[in-house]
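Trainee: Mind looking over this structure? Questions follow.
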Amino acid sequence: KAGVTQTPRYLIKTRGQQVTLSCSPISGHRSVSWYQQTPGQGLQFLFEYFSETQRNKGNFPGRFSGRQFSNSRSEMNVSTLELGDSALYLCASSLWTSGEGYEQYFGPGTRLTVT
Amino acid sequence: TQLLEQSPQFLSIQEGENLTVYCNSSSVFSSLQWYRQEPGEGPVLLVTVVTGGEVKKLKRLTFQFGDARKDSSLHITAAQPGDTGLYLCAGARGTYKYIFGTGTRLKVLA
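Those protein sequences? They're chains A and B, same order as listed. Heads up: the first sequence runs through residues -18 to 96, numbered per the working numbering. Heads up: the second sequence runs through residues 48 to 157, numbered per the working numbering.
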């Protein structure tokens, strides 16, 4: 079974621009979460989608948004990029397992650099 | 606000040594997961613990969830260079939202 794929793997953008990142979850997984990972703040939860609906949201400004399509693929968008948005953006697809809760499977991430 | 504190932050040991990584919080979690992340890759789930006091073993790794479900530990026996990586704990809050710990960077020297 193919793992979680994220595209692009690397991205360089300029302050003020916007960016869209894509995530394809493992086949059959309906939950997709997005995280931001930086050396200073660690891994922080952005939001989670389930069956095309945002089910949970972290403490990030409205510049960060996402969506999920009917095939469970997800995109996240960051508008008006700031230098502090430079980070590794990770997508995780999840499967509910009785007794274990949600098991998260992460993609390799998209490394975003804002200059 | 970081709800999950891991210690130590960094650990460099020789092959064959034992080590323990701690994950502590003042909050109660419904479940707790441990991950290992290697450079250039996403975190890989190692284990999920759900019940207070639960102990799980994965080969040379032993995971324990605190009785009050506020803390957890990861013990590695006879560490090997392949164990090198960033170890992250993550606690589940609410319906589905994981809070990740500060991370422990482990380096095992051959």
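Just so you know, even glycine gets a beta-carbon here, dropped at the ideal spot from N, CA and C. Note that the structure is predicted; figures quoted are calculated from it, not measured.
1. To the nearest angstrom, report how far apart residue -8 of chain A and residue 96 of chain A are at their CA atoms.
2. Distance, Cα to Cα, residue 87 of chain B vs residue 90 of chain A?
3. Determine the DSSP secondary structure at residue 130 of chain B, reduced to helix, strand or coil.
4. Would you verify that the beta carbon of residue 68 of chain A is, or is not, closer than 9 angstroms to some beta carbon of chain B?
5. If you drop the 5 nearest sequence neighbours on each side, which residues of the same chain put their C-beta closer than 8 angstroms to that of residue 52 of chain B?
6. Given that residue 131 of chain B touches chain A, what residues does it touch there, using C-beta distances under 7 angstroms?
7. Which residue comes first and which comes last in the beta strand (DSSP E) that contains residue 68 of chain A?
8. Answer with buried or exposed for residue 102 of chain B, where buried requires no fewer than 16 other C-beta atoms within 10 angstroms of its C-beta.
9. Taking residue 125 of chain B and residue 107 of chain B to be in contact with their CB atoms under 8 angstroms, please state how far apart those CB atoms are, rounded to whole angstroms.
10. So, are the CB atoms of residue 67 of chain A and residue 27 of chain A less than 9 angstroms apart?
11. Taking only three categories from DSSP, how would you classify residue 113 of chain B?
12. What does residue 30 of chain A reach in chain B if we use C-beta pairs closer than 9 angstroms?
13. In three-state terms, what does DSSP make of residue 23 of chain A?
14. Grab me the residues of residue 50 of chain B's own chain with a C-beta within less than 6 angstroms of its C-beta, minus the 5 sequence neighbours each way, in chain order.
15. Less than 9 angstroms between CB atoms is the rule here; does residue 145 of chain B satisfy it with respect to chain A?
16. Going by the beta-carbon positions, is the gap between residue 84 of chain B and residue 94 of chain B smaller than 9 angstroms?
17. Taking the C-alpha atoms as reference points, what is the distance between residue 21 of chain A and residue 69 of chain A?
18. Residues of chain B with CB under 9 angstroms from residue 84 of chain A, in chain order?
Mentor: Let's see:
1. 11 angstroms
2. 8 angstroms
3. helix
4. no
5. 70, 71, 72, 148, 149
6. Result: empty, since nearest Cβ-Cβ is about 18 angstroms, beyond 7 angstroms.
7. 68 to 78
8. exposed
9. 6 angstroms
10. no
11. coil
12. Neighbours of residue 30 of chain A on chain B: none; closest Cβ ~11 angstroms, over 9 angstroms.
13. strand
14. 72, 74, 146
15. yes
16. no
17. 12 angstroms
18. 80, 92, 95
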